[in-house]
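**Q**
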Amino acid sequence: MQKISIVISLLFLTSCAVVNKHRSQSKSQYVILKLDDLWYEDNLVHEGWTQVMDFLNEEDVIGTIGLIGSSLEEDNQEYFEWIKMRHDEGHEIWHHGFCHCRQTVGELEIREYRGKELDDQCESIAKTQRLAKEKLGITLHTFGAPYNSTDVHTITALNKVPEIKIWLYKETSFTTDKFLLNQIKEVNIEYPVHIPDFEKFKEGYLKYQSEPILILQGHPRSWTEDISRLEDFKKIVLFLKKQNVVFITPLEYLKINKEKN
Ligand SMILES: [Zn+2]
1 MQKISIVISL LFLTSCAVVN KHRSQSKSQY VILKLDDLWY EDNLVHEGWT QVMDFLNEED
61 VIGTIGLIGS SLEEDNQEYF EWIKMRHDEG HEIWHHGFCH CRQTVGELEI REYRGKELDD
121 QCESIAKTQR LAKEKLGITL HTFGAPYNST DVHTITALNK VPEIKIWLYK ETSFTTDKFL
181 LNQIKEVNIE YPVHIPDFEK FKEGYLKYQS EPILILQGHP RSWTEDISRL EDFKKIVLFL
241 KKQNVVFITP LEYLKINKEK N
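Under the working numbering, the first residue of the sequence shown carries the number 1, and numbering increases by one thereafter.
#1: Mind the definition here: the stretch 224-241 touches the stretch 47-65 only if three or more C-beta pairs lie below 8 angstroms; say whether that holds.
#2: Among the residues of its own chain, which have a CB less than 7 angstroms from the CB of Thr224, if the five just before and after it don't count?
#3: Let me know the secondary structure DSSP gives Pro250 once reduced to three states.
#4: Going along the chain, which unbroken runs of the beta strand (DSSP E) with 3 or more residues stay wholly within the stretch 73-132?
#5: Beta-carbon within less than 6 angstroms of Trp167's beta-carbon, same chain only, minus the 5 sequence neighbours each way: which residues are those?
#6: Please confirm whether Gly63 and Leu35 have their CB atoms less than 8 angstroms apart.
#7: Would you call the CB atoms of Asp151 and Gly97 closer than 8 angstroms?
#8: To the nearest angstrom, report how far apart Ile248 and Glu92 are at their CA atoms.
#9: By Cβ distance below 7 angstroms, which residues in the same chain neighbour Asn76 in space, the five residues on each side in sequence not counted?
#10: How would you call Asp226, buried or exposed, if buried means at least 16 neighbouring beta carbons within 10 angstroms?
#11: Look at the alpha carbon of Gln29 and the alpha carbon of Pro212, and state the distance between them as a whole number of angstroms.
#12: Starting from Leu206 and walking both ways along the alpha helix (DSSP H), at which residues does that stretch end?
#13: With respect to the beta strand (DSSP E) encompassing Asp36, which residues constitute its N-terminal and C-terminal limits?
#14: Does the count of Cβ pairs from the stretch 198-210 and the stretch 157-172 closer than 8 angstroms reach three?
#15: When every heavy atom of ligand 1 is checked, does at least one fall within less than 7 angstroms of the C-beta of His96?
#16: Does Glu47 come out as helix, strand or coil in the three-state DSSP assignment?
#17: Starting from Ile213, trace the beta strand (DSSP E) in both directions and tell me its first and last residue.
#18: Between His100 and ligand 1, is the CB less than 7 angstroms from at least one heavy atom?
#19: Would you kindly work out how many angstroms separate the C-alpha atoms of Glu112 and Pro192, rounded to a whole number?
#20: If you reduce the DSSP assignment to three classes, tell me which class Lys258 lands in.
#21: Compute the distance between the beta-carbons of Leu140 and Ile164, then report whether it is under 8 angstroms.
#22: Going by the CB atoms, is the gap between Pro196 and Gly218 shorter than 8 angstroms?
#23: Beta carbon of Thr154, beta carbon of Gln121: below 8 angstroms?
#24: If we count the other Cβ atoms within 10 Å of its Cβ and call it buried at 16 or more, is Tyr208 buried or exposed?
#25: Determine which residues share a DSSP beta bridge with Gly66 and list them.
#26: Report yes if the C-beta distance between Gln129 and Val161 is below 8 angstroms; otherwise report no.
#27: Measuring CB to CB, does Ala132 end up less than 8 angstroms from Leu67?
Given below as structure tokens:
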């Protein structure tokens, strides 16, 4: 009898803990760190990336890594292991294009997903998706275009890959079934792009404190060019920790949203 009551009490305590966890989460503001442009360069993972991810791990903060698919073409086991370790730590690896390239044709600048033919866009999206599976054993669930530049073909190309469920910073008004995580231009890490600025971030953040989620974009490779950039990024993260935000990945945020609905 005593055993049964202990089990019942334990069950009750556990369910209360779950309820409390959900309650506190529903009040929290979520933050996604949208970190762009992982390549393999000079036989190295760029020191900007290693320093940023080491810092996030030390602070127990979850981030995301925008992977460029072409970096997986050649076999670089050390690089693959580095990505897999970040994935295992809980950081989400996401699809940031295959070549991250652009070209000028006449007056027009054509980007990987803006101005390219549908077939080219389909191929580019499929290649990164396939390489991530083959070389890393990771299925990518989130997409964010290089330069955040897309067009109507990108909608069709992404529809062909149902396992990609989330789209970061979609900038057109074309309709899609993907779960959208949008940009609020006034709240970001970098002002302008590549240069973290804590004071400007804070100014923007204080205006949008009641937003349920903020998706903050940054480019770690640019932050070791001048150490004050990395320092400002760290200040932003530490400030957000003090605000008790919940750092989360796009995929985890999608799951929470599905549970709510
Ligand atoms: Zn990029």
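Don't be surprised by glycine CBs; every beta carbon is placed ideally from N, CA and C. Everything numeric in this text was worked out from a predicted model, so none of it was measured.
**A** With the given structure in hand:
#1: Counting Cβ pairs under 8 angstroms, three or more are found: they touch.
#2: Glu47, Gly48, Gln51 and Leu230
#3: Residue state, collapsed to three classes: helix.
#4: 92-95, 102-105 and 108-111
#5: Phe143, Lys178 and Leu180
#6: yes
#7: no
#8: Taking the straight line from one Cα to the other gives about 9 angstroms.
#9: Tyr40
#10: exposed
#11: 5 angstroms
#12: Per DSSP, the unbroken alpha helix (DSSP H) holding Leu206 starts and ends at Phe198 to Lys207.
#13: Annotation: the continuous beta strand (DSSP E) that includes Asp36 extends over Tyr30 to Leu38.
#14: Of all C-beta pairs linking the stretch 198-210 to the stretch 157-172, fewer than three are shorter than 8 angstroms, placing the two stretches out of contact.
#15: yes
#16: Judged by DSSP in its simplified three-state form, Glu47 adopts helix.
#17: For Ile213, the enclosing beta strand (DSSP E) has its first and last residue at Ile213 to Gly218.
#18: Of the heavy atoms belonging to ligand 1, at least one sits nearer than 7 angstroms to the Cβ of His100.
#19: 22 angstroms
#20: helix
#21: Yes, the Cβ-Cβ distance between Leu140 and Ile164 is below 8 angstroms.
#22: yes
#23: yes
#24: exposed
#25: For Gly66, which the question treats as bridged, DSSP gives the partners Trp94.
#26: yes
#27: yes
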